[in-house]
Amino acid sequence: MQKTKQSISEAAQKLEAAYRAFGYSRYTMSKFEEYDLYLANKNFLVSDAVITFTDFNGKLMALKPDVTLSIVKNYSAEDGTQKLFYDENVYRAAKGAREVKEMRQLGLECIGKVGSYQAAEVVSLAAKSLSALGENWVLDLSHMGFVSGLLSALSVGASAEKEILRCIGEKNPHDMLRICKENGVESTLAEKLAALAELNGSLEAELPNIAALSINAATDKAMQELSEIAEMLKILGCSENIRLDFSVVNDMSYYDGIVFQGYLEGIPMTVLSGGSYDPLLKKLGKDAGAIGFAVYLGLLERYFTHKAEYDTDVLLIAEESDSPIDIAKAAASLAGKGFTIRVDNTVNIRSKFVMKVSDALQQSGL
């Protein structure tokens, strides 16, 4: 069942309560941030279209296209592990569009000492977020550590590695095998990469298949984390509708662990995305781990908002003989009874009832 705009807002309130129940507190940021922060990390952004302006001190500022970067920038190891959620408007262009729009985004971040429990907790809250927004949803999950562990064994150039990663993301084992053969990759390893690209199924069912693809300490470590997360998701009651799908790949210079994407029935694009982004912390000089996700509420409002059947309950027709005082009395009387009203003579207003001012006064005994 698709949600209305009002029920999306209600769902956001429920999600805030769910986040708070696990110790997350609200984070609020200003609309502006120094542009240098986004310029240095543009590959981390969903869109690199950033609105900039020069402030009165001559500093180049940007309307925030992202919240995570601001949270990470302001994190200090002295704060310990920070668990934050936000409900903010961001400013970015949709993919393939030149127009920059203001879009509502809800999300959370866990920064500090982040282990497999924290990862499972964040994934479970992502699943709860999707469940609150729609009855039919799925959360696809993979592990960049497993992918990078396999890629590290290839001994191929950066260009070929990038192409193989693209094939994994596109679920294209045919081209992957061709690229591996052209670059002298041992056939057994190439077949493991092809199997990884095709893998897709429930987390519990696919774990044995992943274990069979593990080849080194890095993939073993990722496999162990996936197994622990799967077990904890069952305990947290969030294992259903979560699939293991290694076509979910992100920039390895920012993501090194669990990554995931969420989908709702009837929407042809990702509505939630997240993952573990420890390399971003290191790049910004922070000695900590991090994992989080964002829900694109602005996108949901565009797809799920149903046009109301009526513009107003009562269309109040004012004739030339009606005085402004009588119009005000009639309007006040109807509003006092809980009706929404519109004083207008326009015929294309969709209303449940059409009433003259004189009739409204008579029915109210005025």
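Quick note on the working numbering: the sequence shown kicks off at 44 and runs consecutively. Ideal Cβ positions, reconstructed from N, Cα and C, are used throughout, including at glycine.
Selected residue, minimal CA-CA separation from residue i, among the options
i      : options                        : result
Ile94  : Phe75, Leu151, Leu377, Leu239  : Phe75
Ile207 : Ala240, Glu131, Lys325, Gly177 : Ala240
Ser113 : Val228, Leu323, Asn100         : Leu323
Gly209 : Ala237, Gly101, Thr231         : According to the sequence shown, residue 209 is Arg rather than Gly. Residue Ala237 is the option with its Cα nearest to Arg209.
Thr389 : Phe382, Val397, Thr383         : Val397
Asn100 : Leu88, Asn117, Asp294, Glu77   : Glu77
Gly123 : Ala403, Ala378, Gly332         : Gly332
Val143 : Ala260, Leu106, Ala64          : Leu106
Tyr298 : Arg135, Ser50, Ala260, Ser191  : Ser191
Ile51  : Ser172, Pro108, Lys395         : Ser172
Lys325 : Asp79, Asn84, Gly212           : Asn84
Ser121 : Lys395, Thr383, Asp330, Glu362 : Inspection of the sequence shows that residue 121 is occupied by Glu rather than by Ser. Selected option, being the one with the closest Cα: Asp330.
Gly317 : Leu88, Arg69, His217, Glu53    : Leu88
Asn117 : Val133, Tyr70, Phe382          : Tyr70
Ala265 : Ser319, Gly244, Ile222, His217 : Ser319
Tyr134 : Pro251, Leu342, Phe303         : Leu342
Lys57  : Leu269, Pro251, Ser174         : Ser174
Cβ-Cβ distance between residue i and residue j below 8 Å
i      : j      : result
Val166 : Leu184 : yes
Ser119 : Lys214 : no
Leu359 : Ala374 : yes
Cys153 : Ile301 : no
Ile310 : Tyr346 : yes
Gln125 : Gly158 : no
Met295 : Met187 : yes
Glu249 : Leu256 : no
Leu151 : Leu307 : no
Val314 : Gly305 : yes
Met72  : Val110 : yes
Ser410 : Leu327 : Because the chain is modelled from 44 through 409, residue 410 falls outside the range shown and cannot be assessed.
Tyr67  : Leu127 : yes
Ala233 : Leu220 : yes
Ile253 : Leu182 : no
Ala403 : Ser376 : yes
Ile258 : Ala203 : no
Rounded Cβ spacing between residue i and residue j (contact assumed at less than 8 Å)
i      : j      : result
Ile272 : Ala163 : 5 Å
Leu149 : Leu287 : So it is not a contact: roughly 25 Å between Cβ atoms.
Thr97  : Phe189 : Incorrect: roughly 45 Å between the Cβ atoms, too far for contact.
Asp369 : Val400 : 6 Å
Asp130 : Ala64  : With a Cβ gap of about 16 Å, Asp130 and Ala64 do not count as contacting.
First through last residue of the alpha helix (DSSP H) which encompasses residue i
i      : result
Arg209 : 201-213
Ile114 : 111-116
Ile370 : 367-379
Lys171 : 159-176
Glu268 : 260-278
Met312 : Note, Met312: premise wrong, no alpha helix (DSSP H); not H, not E.
Asp218 : 216-225
Extent of the continuous beta strand (DSSP E) to which residue i belongs
i      : result
Asn243 : 243-245
Phe96  : 95-97
Ser319 : 315-319
Arg385 : 384-386
Phe396 : 394-399
Thr355 : 355-360
Gly332 : 332-338
Which residues DSSP lists as bridging residue i, in chain order
i      : result
Ser185 : Val302
Arg69  : Phe128
Tyr134 : Glu145
Asp288 : Asn243
Glu77  : Met104
Leu193 : Answer by DSSP bridge pairing: none, since Leu193 is not bridged.
Leu151 : Phe128, Phe336
Leu232 : Answer is none; Leu232 lacks a bridge partner.
Closer than 7 Å: residue i CB and nearest the ligand HEM heavy atom
i      : result
Phe128 : What this structure holds is no ligand at all, so the ligand HEM is not there to describe.
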